[in-house]
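Down below is the structure, laid out as structure tokens.
Protein chains in written order, with my numbering: chain R, 259 to 773; chain E, 259 to 773.
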């Protein structure tokens with residue numbers, strides 16, 4: 259149903275094939291997004307349509323993240339879409355950082371004029387313009403002012419799932435769009451120490467999600483001054499390496515100090531009866547994660563989805579040339595599907611039953627049907643043909659290893675369900691290990707700026723010494739288009755000298771070009 | 259944590275008590291919303307903040323509804339927040355019905371001017387204004403044009419969870435706000451028959467949700483012409499009676515015919531190779547449901563939440579004046595909590611474990627603690643005092659029956675978990691039956707317009723004959739503020755004459771004043 263149309267909106271191509279990664283990584287990415295039915299551009303500039311196959315991945319991401327947030331004591335709430343313009347003036351860095359490319363609501367009424375269509379009613383002009391939220395620190399801290407009176411009201415541990423809008427000029431599906439979906443956590447604390455612990459806890463939650471659900475290894479640590487969130491004291495991040503060696507910032511957690519409490523006058527009475535400003539954190543991940551998922555695992559045959567986030571885990575393809583051949587294959591497929599669905603609900607799959615799809619599309623050739631399943635990224639495919647059935651067996655193909663190598667022939671039907679359940683875990687682990695091996699093999703060290711400039715033309719991250727100043731950071735970025743992605747928590751301490759200025763450095767930081 | 263603050267934003271009152279329903283139903287409603295920490299008005303006109311306790315109910319509603327949608331073959335997707343203004347001119351009724359009180363985006367950039375704050379950049383004016391979606395038929399059908407080519411692409415069964423904005427002048431928390439959260443289903447079909455079957459199926463899904471989860475009985479049937487959705491051929495609805503006898507439209511399902519397919523040129527090749535316009539439905543429910551939930555079940559002690567939607571099912575209050583008394587009470591409470599949480603995951607509770615909260619707030623009196631649990635609507639409270647423990651027993655209090663009548667003393671601790679599990683089901687059933695009894699007792703018949711005018715001043719719905727014309731409907735509405743809520747599917751067929759015009763009528767319809 260929804261399946262079919264997703265092909266019709268693919269860009270017109272003669273051969274209908276996916277561009278290979280080697281030929282053009284950027285076109286390959288777009289082909290995957292279109293052909294697997296994940297998203298498409300809409301007629302509204304910069305806004306995407308997230309199609310059913312893409313949204314199903316987002317739903318699974320939401321479930322996993324929401325579970326992690328709740329396990330760490332957070333609750334969800336919802337704040338207004340609109341922010342009065344004046345709120346942006348209250349926090350200086352925020353105004354500079356975010357009061358730029360925003361959607362501005364100036365009127366609140368249309369008039370329908372017969373024959374002329376619809377026009378904006380000039381009399382319905384707002385006294386103060388409203389901004390469609392690019393992020394919600396301001397409106398939320400304006401609300402917290404009434405919620406926080408005493409130390410007993412703290413901490414406030416609140417998360418919001420919502421849409422936000424940033425008027426991006428150059429957009430790219432999932433990676434950079436004017437409107438996107440995300441979650442934003444906003445917490446308030448009585449002490450700096452507690453707020454900093456929260457900032458760290460949440461970046462570790464993101465790391466856990468990225469590594470254990472997305473099978474995407476990440477590097478964790480603070481951003482440099484030049485890359486931090488406007489309004490933050492510091493920003494912690496998770497950074498991932500895509501298959502083309504570029505970096506993707508996949509999630510950030512900000513320690514905001516008392517900046518927003520001061521801007522919005524949020525004070526509480528402490529245990530000694532004195533009034534203090536509350537301490538803040540905020541943290542968020544977005545539908546950009548789906549872009550990261552694609553660019554970490556997928557291949558030239560299509561999408562690859564780690565089992566823990568896959569909307570469908572197993573595709574079963576009964577085969578046969580005649581009705582006589584097909585009937586027993588369909589029966590065996592249905593029996594196996596029932597067995598898989600009846601496996602115990604496990605935390606590994608979010609307590610959902612294993613999700614199985616039966617492909618009964620006999621009009622198309624087996625090769626075509628298999629390719630469709632691969633395109634959509636379904637982790638395991640079961641082939642059930644007349645010859646397999648003679649032996650009461652089936653063929654099990656794993657999506658992470660394409661071709662013959664990933665196929666196991668002659669799997670006895672009696673063992674198939676439990677072996678597939680184990681295989682799903684194995685695929686999850688393999689995807690993570692493979693991505694980590696690739697990433698680690700593509701991090702190099704540069705010892706001079708000359709070497710750095712050569713190296714940055716190759717895919718991968720670069721360890722290099724930097725003097726810690728904003729000036730040098732900006733210079734490197736201008737000259738090489740590479741930015742400091744992260745100052746990893748676990749970087750080796752190694753004294754050296756900045757590759758640009760020769761000034762002393764306490765250790766190398768990670769540079770890369772990024773999405 | 260989040261708990262505490264929710265009181266601080268309650269309207270200032272001397273006694274901090276909830277207004278009784280008898281004294282002022284409207285104030286009672288507002289008191290419940292504030293005091294139970296469900297929502298509050300924001301500083302953005304007409305936009306509410308949904309607080310953690312309110313959002314937790316919405317999350318449970320979403321889970322239940324989403325499960326029902328998926329069980330009927332629907333998938334989720336996401337479409338842009340913004341709609342180009344010209345789209346509103348394409349469907350005539352839509353333009354008249356919705357192109358009115360809308361948030362209009364006219365600019366896409368702010369400038370931060372040091373010393374002056376933030377201003378709208380006059381150079382960043384959009385060529386075509388964008389409307390923040392009041393509902394998404396137009397943008398979705400504009401997208402469907404590319405998705406639908408052949409009968410094989412149909413049906414498209416898609417739902418969206420999102421926020422929408424309608425610039426309401428008089429707002430009321432949950433019931434009528436400028437921004438609200440909802441789901442909107444938008445389906446496309448090859449035949450009229452199939453689209454009509456879908457329209458009916460979805461109103462029945464809403465009925466099931468209202469009755470089996472919300473424990474809110476509803477009347478089902480089409481709206482009259484005057485009350486239908488702009489752009490629909492007809493609208494089916496579920497209507498509920500609130501405790502003050504007013505009606506609440508709780509959900510609608512629209513048969514849209516080919517109106518949107520024609521407006522947005524969505525055609526498909528049918529099985530005979532001819533091009534036809536697709537047939538459409540749309541259907542939605544919103545956070546307004548939370549208002550309906552409150553006004554169906556809650557009482558003068560606070561919120562009452564049906565167990566199937568309750569974020570917390572059981573509150574356990576260990577008691578004792580000294581540490582020596584408290585320690586065994588806490589131990590027994592923890593044991594019972596663990597037993598409750600370990601009960602088998604059942605569909606009845608959405609496969610979640612039973613949610614238990616331990617109240618260890620010994621600073622406050624038992625009476626205060628019990629009242630807090632009642633205010634928040636937790637279905638079952640367990641009291642564990644020294645005297646109960648001597649007998650290895652506890653007191654179990656049900657929220658739906660306040661006071662002594664709802665308390666069972668001396669429940670053996672060994673039986674408590676299983677009895678509470680049964681009691682939760684019993685409460686769910688009782689709430690439904692009580693609401694249905696109340697509603698049925700408050701539906702009367704009027705045989706003349708005079709009688710109708712008298713009756714309408716009393717709470718309740720009125721069965722009356724109407725000639726079926728828009729003119730008469732409008733006249734009644736203007737003169738009595740009552741509208742036709744529904745032409746129930748199961749109304750008795752009874753010939754008669756319209757109470758206003760004396761023209762023939764085929765049966766009575768339901769009138770009421772409404773929210």
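C-beta: ideal position from N, C-alpha, C; glycine also.
- Straight across, the Cα-Cα distance linking residue 412 of chain R with residue 351 of chain R is about 25 Å.
- Residue 287 of chain E is not a Cβ neighbour of residue 504 of chain E, given a cutoff of 7 Å.
- For residue 594 of chain R, same chain residues with a beta-carbon under 7 Å away, outside a window of 5 residues either side, are 574, 640, 671, 674, 675 in chain order.
- Here the stretch 306-325 of chain E makes no contact with the stretch 354-373 of chain E; the two share fewer than three CB pairs at distances below 8 Å.
- Look at the stretch 384-446 of chain R and you find these whole runs of beta strand (DSSP E), each 3 residues long or longer: 414-423.
- Within the stretch 523-582 of chain R, the complete beta strand (DSSP E) runs of at least 3 residues fall at 525-527, 533-535, 537-544, 572-576.
- DSSP places residue 342 of chain E inside the beta strand (DSSP E), whose first and last residues are 340-342.
- With the rule of 3 Cβ pairs closer than 8 Å, the stretch 699-718 of chain E does not count as touching the stretch 547-560 of chain E.
- If you draw a straight line from the Cα of residue 628 of chain R to the Cα of residue 577 of chain R, it is about 11 Å long.
- Under DSSP, residue 720 of chain E takes part in a beta bridge, and its partners are E:702, E:769.
- For residue 600 of chain R, the closest alpha carbon among the candidates R:403, R:647, R:678 is that of R:678.
- Neighbourhood of residue 302 of chain R in chain E, by CB distance below 8 Å: 338, 340, 341, 342, 388, 397, in chain order.
- In the three-state DSSP reduction, residue 476 of chain E falls in the coil class, being neither helix nor strand.
- Contact between the stretch 437-448 of chain R and the stretch 539-556 of chain R is established, with three or more Cβ pairs separated by less than 8 Å.
- Taking all protein chains shown into account, residue 424 of chain E has 16 or more neighbouring C-beta atoms within 10 Å of its C-beta and is therefore buried.
- According to DSSP, residue 498 of chain R shares a beta bridge with R:506.
- With 16 or more other Cβ atoms from the protein chains shown falling within 10 Å of its own Cβ, residue 417 of chain R counts as buried.
- A distance of 7 Å or more separates the beta carbons of residue 589 of chain R and residue 642 of chain R.
- Cα atoms of residue 706 of chain R and residue 756 of chain R: separation of roughly 8 Å, rounded to the nearest angstrom.
- From the beta-carbon of residue 552 of chain E, no residue of chain R is found nearer than 8 Å; the closest lies around 17 Å away.
- By the rule that beta-carbons nearer than 7 Å mark a contact, residue 685 of chain R does not touch chain E.
- Rounded to the nearest whole angstrom, the C-alpha separation of residue 491 of chain R and residue 316 of chain R is 30 Å.
- If you look at residue 291 of chain R, you'll find it isn't in any beta strand (DSSP E); it sits in the alpha helix (DSSP H) that goes 283-293.
- Within the stretch 629-699 of chain R, the alpha helix (DSSP H) runs of at least 4 residues that lie entirely inside it are, in chain order, 644-648, 671-699.
- Annotation: residue 588 of chain R has no Cβ neighbours in chain E at a cutoff of 8 Å; minimum Cβ distance is about 20 Å.
- Contact check for residue 743 of chain R against residue 768 of chain R passes: the beta carbons are separated by less than 7 Å.
- Secondary structure note for residue 297 of chain E: its beta strand (DSSP E) is the uninterrupted segment 297-299.
- When the Cα atoms are used, residue 722 of chain R and residue 292 of chain R turn out to be separated by approximately 38 Å.
- In this structure, the alpha-carbon of residue 482 of chain E lies about 7 Å from that of residue 745 of chain E.
- A direct Cα-Cα distance of roughly 16 Å separates residue 624 of chain R from residue 636 of chain R.
- Residue 306 of chain R sits in a strand when the DSSP states are folded into three classes.
- Cβ-Cβ distances below 7 Å link residue 711 of chain R to 738 in the same chain, with the five nearest sequence neighbours on each side left out; the list follows chain order.
- Taking 7 Å as the CB threshold, residue 364 of chain R lines the interface with chain E.
- According to DSSP, residue pairing for residue 493 of chain E in a beta bridge involves E:512.
- In this structure, the straight-line span from the alpha carbon of residue 682 of chain E to that of residue 571 of chain E is close to 8 Å.
- For residue 348 of chain R, the enclosing alpha helix (DSSP H) covers residues 345-348.
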